[in-house]
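From first to last, the protein sequence lines are chains A and B.
Here the numbering used here is used: the first residue of the first sequence is 556, the next is one more, and so on.
Here the numbering used here is used: the first residue of the second sequence is 11, the next is one more, and so on.
The beta carbon of each residue, even a glycine, is placed where N, CA and C say it ideally should be.
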Amino acid sequence: GAGVSQSPSNKVTEKGKDVELRCDPISGHTALYWYRQSLGQGLEFLIYFQGNSAPDKSGLPSDRFSAERTGGSVSTLTIQRTQQEDSAVYLCASSLLGKNEQFFGPGTRLTVL
Amino acid sequence: RKEVEQDPGPFNVPEGATVAFNCTYSNSASQSFFWYRQDCRKEPKLLMSVYSSGNEDGRFTAQLNRASQYISLLIRDSKLSDSATYLCVVNQATGFQKLVFGTGTRLLVSP
């Protein structure tokens, strides 16, 4: 069966541009998570979705970051007016409700020039 | 102080060696604990959950000491394929998983 997929795999953008990152979770997984991993840093929690709602957005670093999920499936993470410090790998994970294991996608490597 | 602390390594060991990694966490209210494995430029994958009673999965043994807020992972008879970064992970939430990741310990197993 298909795992978590993310697109694009790589994105290079100029400072100040907006970017949109996409995550397709495993079918049937109601929980979806976004993380980012910067060089030499641990994974940083950004936001959690249960179905289409986001009970915890506490990890979003600024109001330039937003995310939505539609149909209880695909999620998009949008970064507006990108800055160089936004450069990182953005990872999406999904899980069955109440289950411990999170399954990660391959990530989107974002480079802001 | 970081919420989850690990020695970054690298730990360089020969094949067949036994190696142990340690991790400490700061939030005493943490609910559950895991070790994830991350290969270079790949996504993390769950290696094993960690229980207070200790648990074993083949060559891997994980232990949790809640009083000391300390988690360990022991790998016996290391294989070349064990070379990876091992992430100590703590779930701080109830009802859903709010995972806090350590920065990882890098293991290099050589022939």
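Next item on the list: Output the distance between the C-alpha atoms of Lys52 (chain B) and Ser63 (chain B), rounded to the nearest integer angstrom.
Entry: Near 31 Å, if we compare the C-alpha coordinates of Ser63 (chain B) and Lys52 (chain B).
Item checked: Contact set between Asp611 (chain A) and chain B, taken where Cβ atoms lie within less than 7 Å -> Lys108
Checklist line | For Gln639 (chain A), three-class secondary structure by DSSP | finding: Three-state result, Gln639 (chain A): helix.
Note to self: Going by DSSP, what residue range makes up the beta strand (DSSP E) through Pro610 (chain A)?
What the structure shows: Residues 608-611.
Check: Using a beta-carbon distance below 9 Å, is Tyr741 (chain A) in contact with chain B?
Finding: Past the edges of chain A, shown from 556 to 668, lies residue 741 (chain A), and the structure says nothing about it.
Checklist line | Nearest-angstrom Cα separation, counted from Gly112 (chain B) out to Cys124 (chain B) | finding: Since the displayed chain B opens at 11 and closes at 121, residue 124 (chain B) lies outside it and no answer follows.
Checklist line | beta strand (DSSP E) segment containing Gly599 (chain A), residue limits | finding: Looking at the sequence itself, residue 599 (chain A) is Glu, so the reference to Gly does not match. Glu599 (chain A) -> beta strand (DSSP E) spans 598-605.
Note to self: So, with DSSP's three-state summary, where would you put Ser617 (chain A)?
What the structure shows: coil
Checklist line | Assumed close pair Cys655 (chain A), Gln79 (chain B) - CB separation to whole angstroms, cut-off 8 Å | finding: According to the sequence provided, residue 655 (chain A) is Asn. The question's Cys does not apply to it. Contact doesn't hold; Cβ gap of about 20 Å is too wide.
Next item on the list: Output the distance between the C-alpha atoms of Gly626 (chain A) and Asn65 (chain B), rounded to the nearest integer angstrom.
Entry: Near 38 Å, if we compare the C-alpha coordinates of Asn65 (chain B) and Gly626 (chain A).
Margin query: In the DSSP output, what is Gln657 (chain A) paired with across the bridge?
Written below: According to the DSSP secondary-structure assignment, Gln657 (chain A) is paired through a beta bridge with no residue.
Margin query: Would Ser82 (chain B) and Leu117 (chain B) be called neighbours here (beta carbons separated by less than 9 Å)?
Written below: no
Next item on the list: Could you tell me whether the Cβ of Gly627 (chain A) comes closer than 9 Å to any Cβ of chain B?
Entry: no
Notebook entry, point to check: Does the count of Cβ pairs from the region 12-26 of chain B and the region 636-653 of chain A closer than 8 Å reach three?
Noted result: no
Margin query: Residues in the same chain with beta-carbon distance under 6 Å from Lys612 (chain A), minus the five sequence neighbours each way, listed in chain order, please.
Written below: Ile602
Next item on the list: Below 8 Å between beta carbons is the criterion; list the residues of the region 47-79 of chain B that meet it against any residue of chain A, in chain order.
Entry: Lys52, Glu53, Pro54, Lys55, Leu56, Ser59
Margin query: Rounded to the nearest angstrom, what separates Ile581 (chain A) and Val629 (chain A) at their Cα positions?
Written below: 10 Å
Notebook entry, point to check: Apart from the five residues just before and just after Ala39 (chain B), which ones in its own chain have a Cβ nearer than 8 Å to its Cβ?
Noted result: The answer, listed in chain order, is Gln102.
Next item on the list: Report yes if the C-beta distance between Arg670 (chain A) and Val644 (chain A) is below 9 Å; otherwise report no.
Entry: Outside the shown range of chain A (556 to 668) lies residue 670 (chain A), about which nothing can therefore be said.
Notebook entry, point to check: Given that Ser42 (chain B) touches chain A, what residues does it touch there, using C-beta distances under 9 Å?
Noted result: Asn655
Check: Can the beta-carbon of Leu109 (chain B) be found closer than 9 Å to that of Phe44 (chain B)?
Finding: yes
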